[in-house]
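This report refers to the structure that appears directly beneath it.
Protein chains: 2
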Amino acid sequence: MNKKRRPTLQDVADQVGVTKMTVSRYLKNPTRVAQSTQEKIAIALETLGYIPNRAPEILAQSTSRAIGVLVPSLTNQVFAEVLRGIENVAGQRGYQTMLAHYGYQAEVEEERIASLLSYNIDGLLLSESYHTPRTVRMIETAGIPVIEMMDSVSPAIQQCVGFDNTAAAYEMVQAMITQGYLHIAYLGARMDVRTQLKMQGYELAMAEAKLTPLAMTTNDASSFSLGASLLQQTLAKYPYVDSFFALTMIWPQG
Amino acid sequence: MNKKRRPTLQDVADQVGVTKMTVSRYLKNPTRVAQSTQEKIAIALETLGYIPNRAPEILAQSTSRAIGVLVPSLTNQVFAEVLRGIENVAGQRGYQTMLAHYGYQAEVEEERIASLLSYNIDGLLLSESYHTPRTVRMIETAGIPVIEMMDSVSPAIQQCVGFDNTAAAYEMVQAMITQGYLHIAYLGARMDVRTQLKMQGYELAMAEAKLTPLAMTTNDASSFSLGASLLQQTLAKYPYVDSFFALTMIWPQG
DNA sequence: CTGAAAGCGCTTACAG
DNA sequence: CTGAAAGCGCTTACAG
Numbered sequence: 001m002n003k004k005r006r007p008t009l010q011d012v013a014d015q016v017g018v019t020k021m022t023v024s025r026y027l028k029n030p031t032r033v034a035q036s037t038q039e040k041i042a043i044a045l046e047t048l049g050y051i052p053n054r055a056p057e058i059l060a061q062s063t064s065r066a067i068g069v070l071v072p073s074l075t076n077q078v079f080a081e082v083l084r085g086i087e088n089v090a091g092q093r094g095y096q097t098m099l100a101h102y103g104y105q106a107e108v109e110e111e112r113i114a115s116l117l118s119y120n121i122d123g124l125l126l127s128e129s130y131h132t133p134r135t136v137r138m139i140e141t142a143g144i145p146v147i148e149m150m151d152s153v154s155p156a157i158q159q160c161v162g163f164d165n166t167a168a169a170y171e172m173v174q175a176m177i178t179q180g181y182l183h184i185a186y187l188g189a190r191m192d193v194r195t196q197l198k199m200q201g202y203e204l205a206m207a208e209a210k211l212t213p214l215a216m217t218t219n220d221a222s223s224f225s226l227g228a229s230l231l232q233q234t235l236a237k238y239p240y241v242d243s244f245f246a247l248t249m250i251w252p253q254g
Numbered sequence: 001m002n003k004k005r006r007p008t009l010q011d012v013a014d015q016v017g018v019t020k021m022t023v024s025r026y027l028k029n030p031t032r033v034a035q036s037t038q039e040k041i042a043i044a045l046e047t048l049g050y051i052p053n054r055a056p057e058i059l060a061q062s063t064s065r066a067i068g069v070l071v072p073s074l075t076n077q078v079f080a081e082v083l084r085g086i087e088n089v090a091g092q093r094g095y096q097t098m099l100a101h102y103g104y105q106a107e108v109e110e111e112r113i114a115s116l117l118s119y120n121i122d123g124l125l126l127s128e129s130y131h132t133p134r135t136v137r138m139i140e141t142a143g144i145p146v147i148e149m150m151d152s153v154s155p156a157i158q159q160c161v162g163f164d165n166t167a168a169a170y171e172m173v174q175a176m177i178t179q180g181y182l183h184i185a186y187l188g189a190r191m192d193v194r195t196q197l198k199m200q201g202y203e204l205a206m207a208e209a210k211l212t213p214l215a216m217t218t219n220d221a222s223s224f225s226l227g228a229s230l231l232q233q234t235l236a237k238y239p240y241v242d243s244f245f246a247l248t249m250i251w252p253q254g
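Chains as they are written, first to last, in the UniProt record's numbering: chain A, 1 to 254; chain B, 1 to 254.
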């Protein structure tokens with residue numbers, strides 16, 4: 001693939017017979033150049049197929065109009081939805097989304113964040129509240145805004161947007177108990193921090209109701225087939241189970 | 001958020017008492033500088049928390065080690081899987097993934113591609129074979145490799161990686177017929193090009209077997225609940241239906 | 001083993 | 001309304 005040079009502002013300017021500053025002005029606001037110049041520039045732009053180049057601006061202003069997004073998993077439906085929301089809003093506002101996933105491994109997250117920061121991203125969206133010390137340090141040095149998602153309770157570097165995993169689980173289990181279910185099993189996949197927080201909520205609600213908690217957990221990634229298998233195992237072992245609490249399983253949309 | 005200046009190579013060099021070229025050399029390959037210099041640079045790098053800056057290289061070499069990925073939808077499980085694969089391989093090789101989705105609208109795709117190209121991406125992955133003329137033009141001017149995914153039959157700009165949607169559907173329906181199913185209904189959501197290709201395969205297989213095709217389609221986005229509703233509608237209208245062909249519905253993983 | 005110079009493609013003041 | 005100069009932070013030859 002022989003990369004031929006892309007047309008630059010200078011190329012456009014040469015064709016019109018003005019300087020690149022004039023073309024630059026036109027690009028920002030066409031009315032800032034003379035009417036006759038406007039027309040000539042428009043034609044040259046079209047003829048050459050000029051594509052804007054953000055690299056100089058990133059270098060000069062160290063602002064990129066790009067944001068970094070880190071998710072632990074892309075196949076977990078929850079994060080697909082989160083990502084869709086982010087890319088939607090960002091795209092509409094002219095921001096580019098730079099994506100990375102790290103398979104729930106903090107060291108991979110660190111590596112990916114380093115890569116993201118090297119592009120001078122203007123902001124960072126994380127899906128986790130725990131990070132390696134170097135990660136925290138890098139983010140601080142970069143001096144950009146960071147939002148941590150999915151958990152509103154764990155301490156955040158700057159700001160967080162999420163919910164109280166323990167309280168949510170607690171209230172959901174309580175509601176189940178009120179409905180008359182007494183043998184509620186907890187199914188948990190991939191025992192990350194948030195899964196554990198939810199399990200605490202489950203255990204608390206069960207304890208308060210003087211019920212016996214019954215957790216079936218695994219370190220495998222959550223999936224439909226894993227859910228099915230855990231469910232079967234539980235029923236085989238505890239046939240009296242009358243309900244399941246499995247917040248961390250993938251759930252269908254709609 | 002007051003963006004304090006990030007440490008530069010020059011800052012590191014100043015602290016060590018060498019020039020930035022020496023630090024640059026160290027970063028590429030530590031053994032290219034004197035042993036004693038190596039140690040001093042390592043310390044300064046750590047003390048200042050230097051974060052590499054790709055902007056200058058993007059500007060000078062117009063190569064970014066970033067690739068652009070366009071998917072029509074992020075919540076469609078198929079694309080989540082595709083994306084995971086891409087980000088996996090790219091991340092491991094030191095390439096950054098820049099993501100955009102366009103809701104199956106070619107004009108949005110065009111806009112997003114323009115944005116992506118302005119970052120000097122090194123390659124582009126598309127999920128569609130139809131593009132606006134301006135999109136095709138921009139890609140050509142950019143002079144970067146482009147891969148079109150999900151369809152190996154429609155003509156490609158450069159290369160494609162995918163499968164024959166019509167043939168796949170044809171063979172799957174044929175297999176169903178061989179199994180003895182005779183009243184096979186086709187459920188199709190979001191009638192994009194690929195869905196239509198699949199429907200052709202279905203119709204062909206049905207026609208060859210002298211069976212009556214029975215398609216229930218909608219322009220809504222595919223989802224579990226839509227699948228359920230289409231299924232119910234079909235059964236209500238044609239109670240004799242004995243099987244469904246619904247390639248375009250989301251399917252569970254595993 | 002290390003340094004001085006030039007350049008990547010824009011934009012931002014400053015002139016006129 | 002338009003232009004000449006400087007600069008963003010690196011790397012790439014070229015010297016020594």
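Built from N, CA and C at the ideal position, the CB exists for glycine as well. Model, not experiment: these values are computed from the prediction.
Taking a Cβ-Cβ cut-off of 9 Å, the neighbours of Asn120(A) in chain B comprise Arg6, Asn53, Arg54, Ala55, given in sequence order.
When rounded, the separation of the alpha-carbon atoms in Ala66(B) and Val89(B) is 12 Å. At a C-beta separation below 8 Å, Gln96(A) has these neighbours in chain B: Met98, Ala100, Ser115, Leu116, Tyr119. Listed along the chain, the chain B residues whose CB falls inside 9 Å of the CB of Met138(A) are Gly49, Ile51. Taking 7 Å as the threshold, the shortest C-beta distance from Arg134(A) to chain B does not fall below it. Counting along the chain, Tyr186(A) sits inside the beta strand (DSSP E) bounded by residues 184-188. Among the bridge pairs identified by DSSP, Met98(B) is matched with Met98(A), Gly68(B). Any Cβ of chain B closer than 7 Å to the Cβ of Thr217(A) would place that residue at the interface, and such an atom is absent.
For Ala100(A), the CB contacts under 6 Å within the same chain, skipping 5 residues up- and downstream, are Leu70, Arg112 in chain order. In terms of CA proximity to Ile41(A), Val16(A) leads the group Val173(A), Asn29(A), Val16(A), Ser62(A).
Comparing C-alpha distances from His131(B) to each of Ala114(B), Gly91(B), Ile86(B), Phe244(B) shows the shortest one belongs to Ala114(B). In this structure, the CA atom of Gln77(B) is about 33 Å from the CA atom of Pro213(A). Secondary structure at Ala106(B): helix, using DSSP grouped into helix, strand and coil. In this structure Asn53(B) is in contact with Asn120(A), their Cβ atoms being roughly 7 Å apart against a cut-off of 8 Å.
Burial is judged here by how many other beta carbons sit within 10 angstroms of a residue's own beta carbon; Glu208(A) has fewer than 16 and is exposed. Rounded to whole angstroms, Glu81(B) and Tyr95(B) show a C-alpha spacing of 18 Å.
For a Cβ distance threshold of 7 Å, residue set Ala80, Leu83, Arg84, Glu87 of chain B lies close to Leu74(A), ordered along the chain. For the pair of segments examined, the region 140-157 of chain B was found not to touch the region 181-191 of chain B: the number of CB pairs separated by less than 8 Å stays below three. Chain-ordered, the chain B residues with CB closer than 9 Å to the CB of Thr141(A) read Lys4, Arg6, Pro7, Leu48, Gly49, Tyr50, Ile51. If the five residues before and after Val33(A) are omitted, its C-beta is found closer than 6 Å to the C-beta atoms of Thr22, Arg25, Tyr26, all from its own chain and listed in chain order.
Gln196(B) has its alpha-carbon roughly 14 Å from the corresponding atom of Tyr104(B).
CA-to-CA, the gap between Val173(A) and Tyr181(A) works out to about 9 Å. Taking a Cβ-Cβ cut-off of 7 Å, the neighbours of Gly91(B) in chain A comprise Ala100, Arg112, given in sequence order.
The C-beta of Ile147(B) comes no closer than 7 Å to any C-beta of chain A.
Selection Ala44(B), Arg6(B), Arg5(B) evaluated against Thr19(B) yields Ala44(B) as nearest (Cα-Cα).
The distance from the Cβ of Ser118(B) to that of Ile51(A) is about 6 Å, consistent with a contact at the 8 Å cut-off. With fewer than 16 other Cβ atoms inside 10 Å of its own Cβ, Lys210(B) counts as exposed. Any Cβ of chain B closer than 7 Å to the Cβ of Ile41(A) would place that residue at the interface, and such an atom is absent. The alpha carbon of Met149(A) has as its nearest neighbour, out of Asp164(A), Phe245(A), Met138(A), Ile139(A), the alpha carbon of Asp164(A). DSSP lists no bridge partner for Gly227(B).
A direct Cα-to-Cα measurement between Arg93(B) and Met98(A) gives close to 16 Å. The DSSP-derived three-state label of Thr212(B) is coil. Within the UniProt domain "HTH lacI-type" (7-61) of chain A, no beta strand (DSSP E) run of at least 3 residues lies entirely inside it. Annotation: the continuous alpha helix (DSSP H) that includes Ile177(B) extends over 165-178. Using a Cβ distance threshold of 7 Å, Arg5(B) and Thr75(A) do not count as a contacting pair. Contact of Leu59(A) with chain B is assigned, a C-beta pair being separated by under 7 Å.
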